[in-house]
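Chemist: Residue numbers (mature numbering (1 follows the signal peptide of the UniProt record, and there is no 0)): -23 to -1, 1 to 134.
1. Run through DSSP, which three-state label would residue 39 get?
2. By how many angstroms is the C-alpha of residue 78 removed from the C-alpha of residue 102?
3. For a test of the three-state rule: what should DSSP assign to residue 114, helix, strand or coil?
4. The beta strand (DSSP E) that contains residue 24, what's its start and end?
5. Counting C-beta neighbours from all protein chains within 10 Å, is the total for residue 8 16 or more, i.e. buried, or is it exposed?
6. Could you tell me the alpha carbon to alpha carbon distance between residue 118 and residue 69, rounded to whole angstroms?
7. Between the C-alpha atoms of residue 1 and residue 43, what's the straight-line distance to the nearest angstrom?
8. Compare the Cα-Cα distances from residue 46 to each of 94, 111, 127 and report the closest residue.
9. Quick check on DSSP: helix, strand or coil for residue 9?
10. Does residue 32 come out as helix, strand or coil in the three-state DSSP assignment?
11. Along the chain, where does the beta strand (DSSP E) that runs through residue 101 open and close?
12. Just reading off the beta strand (DSSP E) that residue 162 is part of, what are its end residues?
13. Along the chain, where does the beta strand (DSSP E) that runs through residue 86 open and close?
Below, the structure written as structure tokens:
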């Protein structure tokens, strides 16, 4: 009986420890490289999680309490859409870079306010959205027209 109790207690402790990153809002999926090529040719490197299905796009960066300055999340759509994003259950400010089918930034929503349901729309149809820590786009001089390079985005010239 004591052995069963100890086994159950050990199993519970393992589950609790494994759940700590989720409870802290720090879950993270696999990372892949992404680059932003600015108008002057300067290249800025990021590591991004990708959201390519309805479930991962709906969850996005919800409940995260931190996003490293060189990390982000790339949302990819099956076909071009007029995208609208909100910040429900998102605890940190984010920059949203809406990406056209040619890989160029269509528009940027800077420092989107956390935990709001206000729609933040793309200007025209886009194939993806890159979310970065709030303020990073301005800090790095990223602007509409800059090019996003990632394996899931067609190369545009």
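The C-beta atom is built at its ideal place from N, Cα and C for all residues, glycine as well.
As the structure is a prediction and not an experimental result, all values here were calculated from the model.
Modeler: This is what the structure gives:
1. coil
2. 8 Å
3. helix
4. 20 to 28
5. exposed
6. 21 Å
7. Its pLDDT being 43, under 50, residue 1 is placed unreliably in this model, and the value from its coordinates should be taken loosely. About 10 Å.
8. 111
9. strand
10. helix
11. Here residue 101 belongs to no beta strand (DSSP E), and DSSP marks it neither H nor E.
12. Because the chain is modelled from -23 through 134, residue 162 falls outside the range shown and cannot be assessed.
13. 82 to 89
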